[in-house]
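Visitor: Below is the structure I would like to discuss, written out as structure tokens.
Okay, structure coming up:
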């Protein structure tokens with residue numbers, strides 16, 4: 001290749017990075033927001049390439065993203081984090097369609113729906129806590145619509161649904177969401 005990185009498009013740079021990552025035949029690749037700033041068409045191409053190469057080589061991919069639509073299409077299992085801790089985990093379809101933690105529900109409700117005219121996206125109320133001075137108890141409680149007295153204590157990640165779905169919430173919800 002006779003080009004410098006700055007001469008390549010964002011999508012081409014991502015493809016080169018994926019090729020470099022797989023060239024070492026690793027057991028694990030950490031992909032932190034690999035499709036940020038790419039248009040939808042290029043994003044889909046990069047995700048297909050990543051998924052194909054991972055399956056073909058047997059390489060595990062730790063995919064870090066805030067885009068739950070992309071997560072729903074790419075990942076087998078999901079760990080949702082808030083304030084540095086896992087607050088929900090499980091099989092992707094269970095987390096996407098039957099979230100239990102109020103933060104996961106809010107995150108999914110913030111995902112734009114394909115084919116729906118542009119509408120303002122709902123926001124999770126409040127602000128993210130200072131990660132160096134987390135509040136006592138559940139870190140999400142000041143922003144949570146389901147918070148109660150138990151939230152003064154830190155909840156453990158416990159079974160809360162089917163297929164080993166786990167949730168760190170004293171008041172797990174029974175939502176059904178379509179993403």
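In UniProt numbering, the protein residues as written are 1 to 179. Ideal Cβ placement from N, Cα and C applies to all residues, glycine included. Computed from a predicted structure; not experimentally measured.
Can you tell which of 90, 51, 14 has its C-alpha closest to the C-alpha of residue 166?
Guide: Locating residue 166 in the chain shown gives position 166, counting from the first residue. Residue 90 is the option with its Cα nearest to residue 166.
Visitor: Relative to the alpha-carbon of residue 25, which residue among 61, 112, 77 has its alpha-carbon at the smallest distance?
Guide: In the chain shown, the residue the question calls residue 25 occupies position 25. For residue 25, the nearest C-alpha among the options comes from 61.
Visitor: Give the C-beta separation of residue 42 and residue 11 to the nearest angstrom, bearing in mind that I take them to be a contact with Cβ-Cβ under 8 Å.
Guide: Counting from 1 along the chain shown, the entry for residue 42 is found at position 42. Counting from 1 along the chain shown, the entry for residue 11 is found at position 11. About 4 Å; that satisfies the 8 Å criterion.
Visitor: By Cβ distance, which residues of its chain are closer than 6 Å to residue 172, with the 5 residues on each side in sequence left out?
Guide: As a first step, residue 172 is located in the chain shown; it is residue number 172 there, counting from the start. Contacts found: 100, 160.
Visitor: Pull up the distance between the alpha-carbon of residue 44 and that of residue 121, whole angstroms please.
Guide: Walking along the chain shown from the start, residue 44 turns up at place 44. Walking along the chain shown from the start, residue 121 turns up at place 121. Taking the straight line joining both Cα atoms gives about 23 Å.
Visitor: What is the rounded straight-line gap between the Cα of residue 149 and the Cα of residue 86?
Guide: Locating residue 149 in the chain shown gives position 149, where the first residue counts as 1. Locating residue 86 in the chain shown gives position 86, where the first residue counts as 1. Cα-Cα distance, rounded: 21 Å.
Visitor: Which class does residue 3 belong to by DSSP, given the choice of helix, strand or coil?
Guide: Residue 3 sits at position 3 when you count from the first residue of the chain shown. Correct three-state label for residue 3: coil.
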